[in-house]
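Residue numbers (my numbering): 770 to 898.
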């Protein structure tokens with residue numbers, strides 16, 4: 770269990786990080802739908818221990834195309850999740866080493882790459898590194 774004071778501090782840090790990114794992305798017409806943070810303790814100090822605000826850890830939606838009540842156009846790994854769900858794979862525990870699903874089709878890989886590059890371009894204003 771987490772100490773209540775530690776939990777409160779992690780919540781505060783999380784909200785500060787989210788608000789920071791939300792404000793930047795809002796100016797670029799991107800909705801930060803959700804994200805995740807992973808924290809740990811080092812020398813009794815809270816440390817952020819994983820990447821943040823990437824297409825792997827967050828869901829980004831195009832504000833201009835947002836419509837409540839429907840699946841949103843996104844710039845993240847949801848595309849791959851949707852593909853896996855269409856193949857009956859819901860959790861990592863459902864995958865065996867013999868599953869063909871472990872070999873994603875080239876078009877799924879390419880479309881995922883395109884979504885990640887769209888996110889990069891829309892967020893940074895640059896077309897490549």
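C-beta atoms are modelled at their ideal positions from N, C-alpha and C, and glycine is treated no differently.
Across the structure, residue 845 and residue 897 are spaced so that their CA atoms are roughly 17 Å apart.
Per DSSP, residue 816 is not a residue of any alpha helix (DSSP H); the beta strand (DSSP E) it occupies stretches across 814-817. A check of alpha carbon separations from residue 848 across 799, 790, 812, 877 identifies 877 as the nearest.
The DSSP-derived three-state label of residue 829 is strand.
When DSSP assignments are scanned along the segment 788-812, no uninterrupted stretch of alpha helix (DSSP H) that is 4 or more residues long falls wholly within it.
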